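Student:
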Amino acid sequence: MERIPILKMGRFLLVTIQVDMHDQLALALQDDLTSQIARTGARGVLIDISSLEIVDSFIGRVLANIASMSRILDAETVVVGMQPAVAITLVELGLSLPGVRTALNVERGMELLHASLRAAELEEYDGGGEEDDAFGGHDGLS
Amino acid sequence: MAQTAGSTVAEILGADPQALLDSWLQAQLSAPTARTDLITESELRQQSGEFLNLLRNAARGGSLDVQAPEWSQVRELLARVSRGRALQGFSPSETATFVLSLKQPLFARLRSGLAGDPERLMDAVWSATTLLDGLALYTTELFQQSREDVIYRQQQELLELSTPVVKLWEGVVAVPLIGTLDSARTQVVMENLLQRIVETGASMAIIDITGVPTVDTLVAQHLIKTVAAARLMGAECIISGIRPQIAQTIVHLGVELHGASTKATLADAIAMALRVTGWKVVRAEKR
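Note that the protein sequences, when read in sequence, are chains A and B. Heads up: the first sequence begins at 532 in this note's numbering, then just goes up one per residue. Heads up: the second sequence begins at 206 in this note's numbering, then just goes up one per residue.
1. Verify the CB distance criterion: does glutamate 375/B have a CB-CB separation below 8 Å to chain A?
2. Short of 7 Å Cβ to Cβ, which residues in the stretch 431-451 of chain B face chain A?
3. How do the stretch 354-363 of chain B and the stretch 320-340 of chain B stand: do at least 3 beta-carbon pairs fall below 8 Å, yes or no?
4. Note down, one range per segment and in chain order, each alpha helix (DSSP H) of at least 4 residues found wholly within the stretch 422-473 of chain B.
5. Out of Thr620/A, His645/A, Ile585/A, Ala646/A, which one is the CA nearest neighbour of methionine 552/A?
6. Does the Cβ of methionine 327/B have 16 or more other Cβ atoms within 10 Å, making it buried, or fewer, making it exposed?
7. Run through chain B and tell me which residues come within less than 7 Å of alanine 634/A, C-beta to C-beta.
8. Just to confirm my understanding: we take threonine 482/B, look at its own chain, exclude 5 residues before and 5 after, and list those with CB closer than 7 Å. What are they?
9. Could you name the residues of chain A that glutamate 396/B contacts, counting a contact when the two beta carbons are closer than 9 Å?
10. Return the first residue and the last residue of the alpha helix (DSSP H) that arginine 261/B is part of.
11. Just grab the DSSP bridge partners of leucine 577/A for me.
12. For alanine 341/B, which residues from the same chain have a beta carbon less than 6 Å from its beta carbon, with the 5 sequence-adjacent residues on both sides left out?
13. Is the CB-CB distance between threonine 633/A and leucine 604/A below 8 Å?
14. One question on the structure: do alanine 425/B and valine 460/B come within less than 8 Å of each other, judged by their Cβ atoms?
15. Which residues does DSSP pair with isoleucine 537/A in a beta bridge?
16. DSSP has histidine 491/B in a bridge; who is on the other side?
17. Counting only beta-carbon separations shorter than 8 Å, does leucine 399/B have a partner in chain A?
18. Residues of chain B with a CB under 8 Å from the CB of leucine 545/A: which are they?
19. Would you say valine 622/A reaches chain B, if we count a Cβ-Cβ gap shorter than 8 Å as a contact?
20. Just the C-alpha distance for aspartate 563/A and isoleucine 619/A, rounded to the nearest angstrom, thanks.
21. Mark tyrosine 656/A as exposed unless 16 or more other C-beta atoms lie within 10 angstroms of its C-beta, in which case mark it buried.
22. At least one CB of chain B closer than 8 Å to the CB of valine 611/A: is that the case?
23. Quick check on DSSP: helix, strand or coil for alanine 407/B?
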């Protein structure tokens, strides 16, 4: 069966979706990704959907689910490179993916992951002290 | 029956066309709806003469159905006339009167021509009325259509003019919204904004609503949609230019602009956008 590759980059997992998503594929990705996070102890997941041109409500929900699942497994999810048409479609479908962080491209997404990982680590070592990171101040999104 | 009444009408139209044209012109010019300020008498005479000629030719075919193919030339002329009048500023009734005013001279001729035969007279009057009413309705329809075309074109122009997306700084774009937001405009704004976000790689988008006169639940919903779509692309949105009355309305309506930061003025929004993107503005020297 066709599967979407999951690459490990340091403490993050990188998923680039290069094919049209169908329901089976999305569910397989969800399975693979959660088990990979658990196995590798990854702290962040970056999903690149810049080649994805068509979404439906199911794919949108799976994306939101993946984000929630990773957060439970203590990994931050960033969805990057969404096409304008896809964004409009998701909003019109009423799926604004409230729990998912987003970035314009892979580079920005990686910065975001690094920043939030740094913040989380500092918080852990400082015993939960307030952290002044670049994104923390305006992070009504995460 | 209609056939013979039709041919009677054609016959009456064909006899002494010059006199008919004169009496028709007189009826048109003396009518209260005459617009001698918008159209000259010679122009009117030319239009009327051409119309009578075509009408005569078409009626000679025997059919009085204005949608029939032999009436196509009459329809074309009427289309030209009503389109011209719509642009010149005639009202719909003034335009329809062009055709309807032919009734009086035509009926007078029918009456004198068929004085001895009331039954044929009634039939002929009936078919002439149906014919002219049909043509007048057709004129009005076209009139309305040309007005709608004008409105549509203006709407399109407005749509194109009113949704610029400007790049304010490296990584910051802004959309100054002016006028009422409806679904169609929101769609255009959203598409333009998202496209520019991709092109410029902006991470902050400012939506300035200083020029939006009122914010109701629908407009608010459109704003929320735009913000949500921009967020999905990875850009944060600031809504600026919220006037005190609008802030009150938003709260009274129970609308929540979640996901977006809000600022009172565009200046505040720019300051915030620069801060978030890591820029610092300092004055070069103290004054």
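Where is the CB? At the ideal position from N, CA and C, for every residue including glycine. These figures come from a predicted structure and were not determined experimentally.
Tutor: Short version:
1. No, glutamate 375/B does not count as interfacial toward chain A.
2. So the list reads Ala433, Ala434, Arg436, Leu437, Met438, Gly439, Ala440, Glu441, given in the order they occur along the chain.
3. Too few Cβ pairs lie closer than 8 Å, so no.
4. If only uninterrupted alpha helix (DSSP H) runs of at least 4 residues are considered, those enclosed by the stretch 422-473 of chain B are 422-437, 449-458.
5. Nearest C-alpha to methionine 552/A: Ile585/A.
6. It counts as exposed.
7. Alanine 634/A reaches chain B at Gly439, counting residues in chain order whose Cβ is nearer than 7 Å.
8. Cβ neighbours of threonine 482/B beyond the five flanking positions: Gly376, Val377, Ser408, Met409.
9. Going along chain A in sequence order, the residues near glutamate 396/B (Cβ under 9 Å) are Pro615, Ala616, Ile619.
10. Unbroken alpha helix (DSSP H) run through arginine 261/B: 246-265.
11. Leucine 577/A is bridged to Leu545/A, Val609/A.
12. These residues qualify, in order along the chain: Ala301, Val304, Leu305.
13. Contact annotation: threonine 633/A and leucine 604/A have beta-carbon atoms that are not nearer than 8 Å.
14. Against a cut-off of 8 Å, the Cβ pair of valine 460/B and alanine 425/B comes out as a contact.
15. Answer is Val546/A.
16. Checking the displayed sequence, the identity of residue 491/B turns out to be lysine instead of histidine. For lysine 491/B, which the question treats as bridged, DSSP gives no partner whatsoever.
17. Interface residue, yes.
18. Under a criterion of Cβ atoms nearer than 8 Å, no residue of chain B is adjacent to leucine 545/A; the nearest Cβ is some 16 Å distant.
19. It does; some Cβ of chain B falls within 8 Å.
20. Inter-residue distance for aspartate 563/A and isoleucine 619/A is about 28 Å (C-alpha atoms, whole angstroms).
21. When all chains shown are included, tyrosine 656/A counts as exposed.
22. With respect to chain B, the C-beta atom of valine 611/A has a partner C-beta closer than 8 Å.
23. In the structure shown, the three-state DSSP call for alanine 407/B is coil.
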